């Protein structure tokens with residue numbers, strides 16, 4: 001997951017930084033402004049202001065609460081793997 005922030009309104013955006021995908025091909029879904037690359041920490045700060053972020057992977061707005069719940073689950077699974085536990089992925 002790569003992060004970007006709108007230069008005009010500051011909205012955080014997750015975009016697919018894979019081969020064939022260029023940041024300049026994406027626009028802010030709120031104000032149609034251009035985007036700049038951002039770090040995870042910058043995106044989390046912007047999420048606090050905007051209440052979430054736009055995800056181009058699924059083409060929808062993700063609330064901050066939903067993102068925090070998902071990150072909590074990921075951390076729990078990662079810690080379980082590090083401790084040698086068995087993880088069943090559905």
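Numbering (my numbering), first residue to last: 1 to 90.
Think of the CB as a built atom: it goes at the ideal place given N, C-alpha and C, for glycine as much as any other residue.
What you are looking at is a predicted structure, and each value in this text was computed from that prediction instead of being measured.
Using CA coordinates, which residue listed in 83, 27 and 65 is at the minimum distance from residue 9?
-> From the listed residues 83, 27 and 65, the smallest Cα separation to residue 9 is found for 27.
Let me know if residue 31 comes out buried or exposed under the rule of 16 or more other beta-carbons within 10 Å of its beta-carbon.
-> Classification of residue 31: exposed, given that the 10 Å Cβ count is below 16.
Quick one: residues in its chain with C-beta nearer than 6 Å to the C-beta of residue 93, no 5 flanking neighbours on either side, listed in chain order?
-> Limits of the chain in this structure are 1 at one end and 90 at the other, which puts residue 93 out of reach.
Can you tell me which of 78, 19 and 33 puts its alpha carbon nearest to the alpha carbon of residue 4?
-> For residue 4, the closest of 78, 19 and 33 by C-alpha to C-alpha distance is 33.
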